[in-house]
Amino acid sequence: MNDSKHYVQVEIPKVPRWLDNVLTELQTKNYRSFKTNFSKFGVGVALSENRDEEKYKYLCDNAKTIDLAMALGVWEIAE
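Heads up: the sequence shown begins at 2 in the numbering used here, then just goes up one per residue.
Below you can see the structure in the form of structure tokens.
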């Protein structure tokens, strides 16, 4: 049996302050709940009559970064 450990090094994802506020508010210890709640937020942004196009574009263009931040449970605010 091989007892060697493998590590992956990743850069902590950076997100805008408005998204930090949302992620912090929705964060739970259960990734599935966190992901579900964030998905509801994203759908709300997408379907809003007064949709903020800049936020919508950021969410669409950076889905992998956002998902990584949620999976890790940690992120930094991009300056």
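All C-beta atoms, glycine included, are put in the ideal place defined by N, C-alpha and C.
Between the options, which has its C-alpha nearest residue i's C-alpha?
i: E77; options: D4, F39, N22; result: N22
i: K58; options: E80, V75, V44, V9; result: V44
i: A79; options: F42, L20, E26, C61; result: L20
i: K84; options: L27, I13, K30; result: Summary: the structure shown does not reach residue 84, with the chain confined to residues 2 through 80, and so no result is reported for it.
In terms of residue numbering, what span does the alpha helix (DSSP H) encompassing residue i cover?
i: N75; result: Correcting the residue type first, residue 75 is Val in the shown sequence and not Asn. Here V75 belongs to no alpha helix (DSSP H), and DSSP marks it neither H nor E.
i: S1; result: Coverage of the chain is limited to positions 2 through 80, which leaves residue 1 absent and any answer about it impossible.
i: Y59; result: 54 to 62
If I measure Cβ to Cβ from residue i and keep anything under 7 angstroms in the same chain, skipping five residues before and after, which residues do I get?
i: D4; result: none
May I ask you to report which of helix, strand or coil DSSP gives residue i?
i: V16; result: strand
i: T29; result: coil
i: V11; result: coil
Kindly list the residues whose CB is nearer than 6 angstroms to the CB of residue i, restricted to its own chain and excluding five residues on each side of it in sequence; keep chain order.
i: K15; result: E77, A79
Quiz item: Are the stretch 46 to 54 and the stretch 28 to 37 touching by the rule of at least three beta carbon pairs closer than 8 angstroms?
Solution: no
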